């Protein structure tokens, strides 16, 4: 029996949506939709193009490549370790700022109290006259207070909440717990699998943007996001990856955005996984990162610029 796109995801699930059938594959905590019987890997010994039984050329697109799972696992672990440290640093900075603001308010209150004491000392010469007036004011206030108390008692008996009670309730409300912002960009997302895993497996990620310039790919991302129930965390984006990153890097905030809007449009982590070299994307990616951000790169020539196995070539660059 087939399920719908909004059904709870499971392994090898058959999904019917808009007249099309999909099957589910699970990696990590994410589920990805692929056409039924779709190839999930490609034989490197096979020819680039070969003909099927009908003589037509068979497409070489791969909907899911399990060979890259180790790479995605490594990316998740690296981002999680990096993000935990970054969020801890930001939380300490936030707590320090809150503590400093509290100290400033306390010093201001003490200064106001001291100023009030000085005024009271200067007024002692006319204490006798002031005491007579104070006694008269106290008698009037006491009478008014008694009437107000009786009125409040009647309201309580009638089930009406008084303003004082409301203030007490509001005062007991616990302040919201601070959660540092942590933004991730999957710049060349394709099916959105990396973005899905980051949203599912990195609990402190507040925003994950899955970008691709292909409208068909972005539509696939939307379906995967909907099926994984991550619409509140993942934002699909259609556009050129380089243009998207430069826009984030040089975004000009407007007054309504607030003073921190510029950094809100940059990212803390950018993941690049192009089909060839990552060289065209590197400058835009570095510009679009917040200070101290993490750049994850997976590409055919990563062994060269990462100096893992080609030290002499890296040195020559």
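In the working numbering, the protein residues as written are 344 to 660. All C-beta atoms, glycine included, are put in the ideal place defined by N, C-alpha and C. Bear in mind the structure is a predicted one, so any value in this text is a computation, not a measurement.
Item                                                                                                                                                                  : Value
On the three-state DSSP scale, how would you describe residue 548?                                                                                                    : coil
Here's a check: name, in chain order, each residue in its chain whose Cβ is nearer than 8 Å to the Cβ of residue 358, leaving out the five neighbours to either side. : 345, 346, 347, 348, 350, 364, 365, 366, 367, 376 and 570
Between which two residues does the alpha helix (DSSP H) harbouring residue 623 extend?                                                                               : 622-631
List the endpoints of the continuous beta strand (DSSP E) containing residue 585.                                                                                     : Taken as a continuous stretch (DSSP letters only), residue 585 belongs to no beta strand (DSSP E), being part of the alpha helix (DSSP H) at 584-592.
Which of helix, strand or coil does DSSP assign to residue 357?                                                                                                       : strand
Residue 411: which of 621, 616, 575 and 425 sits nearest, CA to CA?                                                                                                   : 616
Which residues share a DSSP beta bridge with residue 370?                                                                                                             : 373
Quick one: using the 10 Å Cβ neighbour count with 16 as the cut-off for buried, is residue 526 buried or exposed?                                                     : buried
Pairing CB atoms from the stretch 623-636 with CB atoms from the stretch 578-596, are three or more of them under 8 Å?                                                : yes
Starting from residue 378, trace the alpha helix (DSSP H) both ways and give me its first and last residue.                                                           : Here residue 378 belongs to no alpha helix (DSSP H), and DSSP marks it neither H nor E.
Leaving out five residues on either side along the sequence, give the residues of the same chain with a beta carbon under 6 Å from the beta carbon of residue 529.    : 537, 538, 553 and 614
Here's the rule I'm using: 16 or more other beta-carbon atoms within 10 Å means buried, otherwise exposed. How should residue 674 be labelled?                        : Lying before the first or after the last residue shown, residue 674 is absent from the chain, which here runs from 344 to 660.
Using 8 Å for Cβ pairs, my map puts residue 637 next to residue 422. What's the rounded Cβ distance?                                                                  : 7 Å
Taking the alpha-carbon of residue 555 as reference, which of 548, 578 and 353 has the nearest alpha-carbon?                                                          : 578
My assumption, with CB atoms under 8 Å, is that residue 533 sits in contact with residue 541. Please give the rounded CB distance.                                    : Not quite, the Cβ-Cβ distance comes to about 14 Å (not below 8 Å), so this is no contact.
When you compare the CB positions of residue 523 and residue 433, do they come within less than 8 Å of one another, or not?                                           : yes
Out of 551, 560, 561 and 593, point me to the one whose CA is closest to residue 611's CA.                                                                            : 551
For the alpha helix (DSSP H) that residue 613 lies in, which residues bound it at each end?                                                                           : Counting along the chain, residue 613 falls outside any alpha helix (DSSP H), though it belongs to the beta strand (DSSP E) covering 610-615.
In chain order, what residues of the same chain lie with their CB nearer than 6 Å to the CB of residue 630, ignoring the 5 residues before and after it?              : 592
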